[in-house]
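Residue numbers (the numbering used here), protein chains in the order written: chain A, 79 to 372; chain B, 101 to 416.
Here a beta-carbon is modelled for each residue, glycine too, at the ideal position from N, C-alpha and C.
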């Protein structure tokens, strides 16, 4: 509209068009500056934590936000020797790895049944899965705690492993089902005619085709469980087996005078999420957006 | 779409005129149970650790339970006490304030996604950077901001360094301010996911409609308001529901590490209250009642939000 008007009505309007273009350029620049500022705020934690972890406390006091001058590795050493960050990380892995395996296997089996078989109540089962997905974990904290308590699994890693598996299962089944829908039924029928049983078909036909989806599932679940706090705090209360996030939340108050150690601990606890972020960003994004767009 | 094993078995062996052998009959019987067997492990776990607890939450909310002895049934006492519980009401009020920030929570990722969708210079990098806080645990974010927002911390240092020392605050120790800081931090840590969701929705947009509107002489803003917005509405609804759920139940780790509900009770949230009642006060039954009330409130607010978004569509 504006370009037509400018063409028809001569130089005065062309001038206006130019002003408009400058205005748009200014708008684009303003947008870019806003985006850059936000990006700075989301990247700054990494800089801050690396800087604070690698400098002395005196140096930090001089300019907390600035560039470090007195470098030291003491904080990292203290994080390992005093905070036992390595042991905390191991505790977390001993919960997260089995739970991720359980969730992945159970979700694959269930999604396979829900997508590639016809049976009574199939629709209802899907509805139940979606409904459970919307259930916020905090709301059922007490009754889940009670189940774990009565099963004698309090302060036992198996308790947290099972709870994590259950909490992340609905979402995982949903995600896996959405990936498995793209596997054509003809392929499954062909495998069946060749005499492959259902498990064999799942393993040699379906799984290879949904491998990217599987990667999404594993990385996302690992991230959720590694970062989880509330259930870890409640179910593993003993100091010997608490997870890394619980350890970090509790040690911060002891080290208020030495933020370098706190930063070192935080940074070390962020290594697995950061690696996942760097190498599997696309898989994470696919997992997080697939629910919304489908 | 797919054929079940039975129908295949019926349609397949037309060559076999003598009828199914014993082995095939056995396979058919197993085939009928296959989907149930495949579902069994997941179903068992879900019933044991999710569905049953959900029902038990309602049961426990009518009891007095300290976590050691058997729960004692006390009727509606927990709920009448909740109605007069100053801390709980205050916490719920804070959660409602958090939910009231929903428009900001939607608008920020929406407009950023829109900006990135126009492929501004470096949009891939921005998308990457914005998503980063989403992979950090709320515990990490809480401890990090605990350091950054200290009175003599980097933020105030930065403000003083650029001559805005007047803006320096005790961010975590001012009753009116701290809740706002907490909300800002939560939005900061989640908007990247929203950007991703809206970006992928924009990528699936019906370009022809946008094109048609453009040809008809609609301005960019008009296209945005009348064409793009309505196409994205289902995705906005999805994002809104996630946020409503999160704003009642996802604050615990952040509050625990950042403010402990303080100063005073000014950043007390319902999920933090639930934990405190249960594990600091030993009132497990009472905490269950908080959970049940929360679930009802979440349902109401989520329903209301969706109704509001749909109602706007009818008006337009």
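In the DSSP output, which residue or residues are listed as bridge partners for residue i?
i, result
"residue 163(B)", "173(B)"
"residue 149(A)", "133(A)"
Using 9 Å as the limit for Cβ to Cβ distance, is residue i near chain E?
i, result
"residue 304(A)", "The structure shown contains no chain E; its protein chains are A and B."
Any Cβ of chain A within less than 9 Å of the Cβ of residue i?
i, result
"residue 381(B)", "no"
"residue 394(B)", "yes"
"residue 283(B)", "no"
"residue 177(B)", "no"
"residue 278(B)", "no"
"residue 356(B)", "yes"
"residue 313(B)", "no"
"residue 124(B)", "no"
"residue 361(B)", "no"
"residue 152(B)", "yes"
"residue 129(B)", "no"
"residue 244(B)", "yes"
When you compare the CB of residue i with every CB in chain B, is at least one pair closer than 9 Å?
i, result
"residue 342(A)", "no"
"residue 141(A)", "yes"
"residue 281(A)", "no"
"residue 166(A)", "no"
"residue 130(A)", "yes"
"residue 85(A)", "Legend: pLDDT at residue 85(A) = 47, less than 50; position of this residue unreliable, value from coordinates given subsequently. Judged by the 9 Å Cβ criterion, residue 85(A) is not in contact with chain B."
"residue 79(A)", "Low per-residue confidence applies at residue 79(A): pLDDT is 41, beneath 50, and the placement is therefore not dependable enough to give any value."
"residue 172(A)", "no"
"residue 205(A)", "no"
"residue 187(A)", "yes"
"residue 96(A)", "no"
"residue 248(A)", "yes"
"residue 136(A)", "no"
"residue 285(A)", "no"
"residue 290(A)", "no"
"residue 216(A)", "yes"
Alpha carbon to alpha carbon, what distance is there between residue j and residue i?
i, j, result
"residue 319(A)", "residue 165(A)", "9 Å"
"residue 155(A)", "residue 148(A)", "16 Å"
"residue 418(B)", "residue 302(B)", "Given that chain B is displayed from residue 101 to residue 416, the structure contains no residue 418(B) and the question cannot be resolved."
"residue 323(B)", "residue 102(A)", "17 Å"
"residue 347(B)", "residue 298(B)", "20 Å"
"residue 247(B)", "residue 350(A)", "22 Å"
"residue 196(B)", "residue 285(A)", "44 Å"
"residue 325(B)", "residue 208(B)", "16 Å"
"residue 357(B)", "residue 336(B)", "31 Å"
"residue 269(A)", "residue 110(A)", "53 Å"
"residue 194(A)", "residue 410(B)", "34 Å"
"residue 360(A)", "residue 368(A)", "12 Å"
"residue 375(B)", "residue 320(B)", "48 Å"
"residue 331(A)", "residue 189(B)", "29 Å"
"residue 217(B)", "residue 365(A)", "20 Å"
"residue 401(B)", "residue 129(A)", "43 Å"
Using a threshold of 9 Å, state whether the C-beta atoms of residue i and residue j are closer than that.
i, j, result
"residue 142(B)", "residue 221(A)", "no"
"residue 310(A)", "residue 246(A)", "no"
"residue 339(A)", "residue 217(A)", "no"
"residue 286(B)", "residue 349(B)", "no"
"residue 295(A)", "residue 254(A)", "yes"
"residue 240(A)", "residue 149(B)", "yes"
"residue 141(A)", "residue 257(B)", "yes"
"residue 354(A)", "residue 300(A)", "yes"
"residue 363(A)", "residue 305(B)", "no"
"residue 234(B)", "residue 117(A)", "no"
"residue 192(A)", "residue 203(A)", "yes"
"residue 289(B)", "residue 305(A)", "no"
"residue 212(B)", "residue 226(B)", "yes"
"residue 390(B)", "residue 373(B)", "yes"
Can you tell me whether DSSP reads residue i as helix, strand or coil?
i, result
"residue 211(A)", "helix"
"residue 156(B)", "helix"
"residue 368(B)", "coil"
"residue 288(B)", "helix"
"residue 258(A)", "helix"
"residue 142(A)", "coil"
"residue 315(A)", "coil"
"residue 265(A)", "helix"
"residue 408(B)", "helix"
"residue 270(B)", "coil"
"residue 171(A)", "helix"
"residue 381(B)", "coil"
"residue 318(B)", "coil"
"residue 320(A)", "coil"
"residue 247(B)", "helix"
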